[in-house]
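Going by UniProt numbering, the letters in the sequence shown line up with residues 1 to 402, in that order.
From the three backbone atoms N, C-alpha and C, an ideal C-beta is built for every residue, glycine too.
Just below is one structure, and these are the notes that go with it.
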Amino acid sequence: MHNNVWPVLFDVHALDFETVQTQKPHDSTNSEVNTFVSQLLLHSLLFCCKLSELNPIPNMAQVRNKQVILRDYVSGFPKESDMNVVDSTIILNLPQGSNDVVLLKNLYLSCDPYLRIFMAKDTIAGLGGLTPGSPLTGLGVSKVVESGHPDYKKDDLVWGMTKWEEYSLVPAAQILFKIEHTDVPLSYYTGILGMPGMTAYAGFFEVGSPKKGENVFVSAASGAVGQLVGQFAKLHGCYVVGSAGSKEKVDLLKNKFGYDEAFNYKEEPDLNAALKRYFPEGIDIYFENVGGKTLDAVLLNMKLHGRIPVCGMISQYNLTQPEGVTNLAHIIYKRIRMEGFAVFEYYHLYTKFLEFMLPLIREGKVVYVEDIAEGLENGPAALVGLFSGQNVGKQVVVVAHE
């Protein structure tokens, strides 16, 4: 992996999702991280402009390159009409004079809530954003068609930052990792073996600091990250409860992912009472994915010295007026450690993570559910569906089956 790219992947979740300065991410300050992210997005835009100036190899045939384009900036809940699926063309050779560039055939795209943040005109300070008329950008699994970088060769499988299109020209620095283990589904590298898996691992073990026998609550528990956090907690000897938004998802939590208990938050008019029912002695670790009213109720039920790894707040992303949280004083009263984190600061642990995760997958000790959308043309609906709970498990967009 290149040391000079640490794309921010929020919800992670922090980007995803997956260049212009060299620094170890775990040494970064918040200011440096914000500067880095804006520089990364600017670098990507400048890279595209530079490519347009390069001369293509003459007499090479062009092929279709279907793309998902941001039609306009998004306000409120995203709609399919905020995106267009268009047919472009691309020459399947590197432009003359291009170095450190890789031509990719995209296979699987990771559909993640963080993408919504970058579709707004006014993004979080320092984070930059997407530009209307350009393809969506996110994490994906790809095959190398041609490489101008010595680390990559034709037919290598990789995962990292790419665009929502059939073929992409990307700086080699945007590739995060080569895929060495192919005895598992390649789509897993958008999920359990990719950014969501690393997010669950880092958030639970590195930020949450769990101890055997502790009480763990996970919101959005059937999603790409939540389904893994619950299984990690059980493997670690914890009592774990999850919340989700349908009976189907609640059944999945209890019968497939091994949660001790689970409930449908839509059927609980009083979340505080529900949490007291499931955690009469309180919560040691709350893995935060949703924010808003759920966070407010959780704060009332945290134990002394509890921990809250903040992975995301999906309930707030589409609100023009975010919900207030009224019980923050409990962080003081109970000496709670509430810590936001971004997965890119933990990618230096990826080898250790694979050593932990691959045996669990192969031995059937951890399971993973994917929600597959076939074809780029179904990408907009898949992305929009994340925000109304249409997906069951990790949402993946299949571009091509190799």
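For residue i, the residue or residues it bridges with in DSSP
i           : result
Gln-62      : Ile-91
Gly-160     : Gly-140 and Ile-175
Val-241     : Phe-217 and Glu-261
residue 419 : Missing from the structure shown is residue 419; the chain here goes from 1 to 402 and no further.
Gln-231     : Looking at the DSSP assignment, Gln-231 forms no beta bridge with any residue, so it has no partner.
Glu-402     : Paired residues: none, contrary to the question.
Lys-105     : Lys-143 and Tyr-167
Val-396     : Ser-110 and Ile-372
Contacts around residue i, its chain only, beta-carbon distance under 7 Å, and the 5 residues preceding and following it disregarded
i       : result
Leu-323 : This sequence places Glu at residue 323; Leu is not what is there. Once the five neighbours on either side are set aside, the close Cβ partners of Glu-323 are Gly-292, Lys-293 and Gln-316.
Leu-295 : Glu-288 and Val-325
Lys-234 : Val-240 and Gly-258
Asp-151 : Ala-172
For residue i, the nearest candidate out of the options (CA to CA)
i       : options                               : result
Leu-253 : Ile-283, Ala-297, Leu-157 and Ser-222 : Ser-222
Ala-274 : Leu-109, Gly-242 and Leu-304          : Gly-242
Ser-88  : Ser-134, Leu-115 and Ser-142          : Ser-134
His-348 : Met-302, Leu-176 and Gly-312          : Leu-176
Ala-297 : Met-313, Val-225 and Asn-327          : Asn-327
Asn-84  : Asp-72, Gly-76 and Phe-77             : Asp-72
Asp-371 : Gly-393, Ser-81, Glu-402 and Asn-106  : Gly-393
Arg-116 : Lys-365, Gly-306, Ala-400 and Lys-79  : Lys-79
Asp-284 : Met-302, Val-290 and Leu-271          : Met-302
Gly-306 : Thr-320, Arg-335 and Met-313          : Arg-335
Thr-131 : Gly-312, Val-74, Gly-140 and Ala-200  : Val-74
Tyr-108 : Leu-139, Asp-122, Ala-120 and Ser-81  : Leu-139
Sequence-distant residues of its chain with Cβ nearer than 6 Å to residue i (five each side left out)
i       : result
Leu-383 : Cys-111
Pro-58  : Because the pLDDT at Pro-58 is just 48, under 50, the model does not fix this residue reliably, and the point stays unresolved.
Val-33  : Legend: pLDDT at Val-33 = 37, less than 50; position of this residue unreliable, value from coordinates given subsequently. Answer for Val-33: no residue qualifies.
Leu-42  : Unreliable placement is indicated for Leu-42, whose pLDDT of 44 sits below 50; no coordinate value is reported for it.
Cβ-based neighbour list, residue i, same chain, cut-off 8 Å, excluding 5 preceding and 5 following
i       : result
Ile-331 : Leu-299 and Met-338
Gly-385 : Asn-391 and Gln-395
Next on the checklist: For the structure I just gave you, are there three or more beta carbon pairs, one from the stretch 214-223 and one from the stretch 275-282, closer than 8 Å?
Outcome noted: yes
Checklist entry - On the three-pair Cβ rule with 8 Å, is the stretch 242-252 touching the stretch 385-396? => result yes
Checklist entry - Can we say the stretch 100-108 touches the stretch 141-157, given the rule of at least three CB pairs closer than 8 Å? => result yes
Checklist entry - In chain order, which alpha helix (DSSP H) runs of at least 4 residues are fully inside the stretch 324-387? => result The alpha helix (DSSP H) runs lying completely inside the stretch 324-387 and spanning 4 residues or more are 330-333, 350-362 and 379-385, given in chain order.
Item to check | Meets three-Cβ-pair contact criterion under 8 Å: the stretch 166-175 and the stretch 188-204 | outcome: Touching, no, given that fewer than three Cβ pairs across the two stretches are closer than 8 Å.
Checklist entry - When the Cβ atoms of the stretch 63-77 are set against those of the stretch 373-380, are three or more pairs found closer than 8 Å? => result yes
Checklist entry - Could you give the uninterrupted runs of the alpha helix (DSSP H) lying entirely in the stretch 266-331, keeping only those of 4 residues or more? => result 271-278 and 292-301
Next on the checklist: Would you call the stretch 192-208 in contact with the stretch 77-97, where contact means no fewer than 3 C-beta pairs closer than 8 Å?
Outcome noted: Judged by Cβ distances under 8 Å, the stretch 192-208 makes no contact with the stretch 77-97, as fewer than three pairs qualify.
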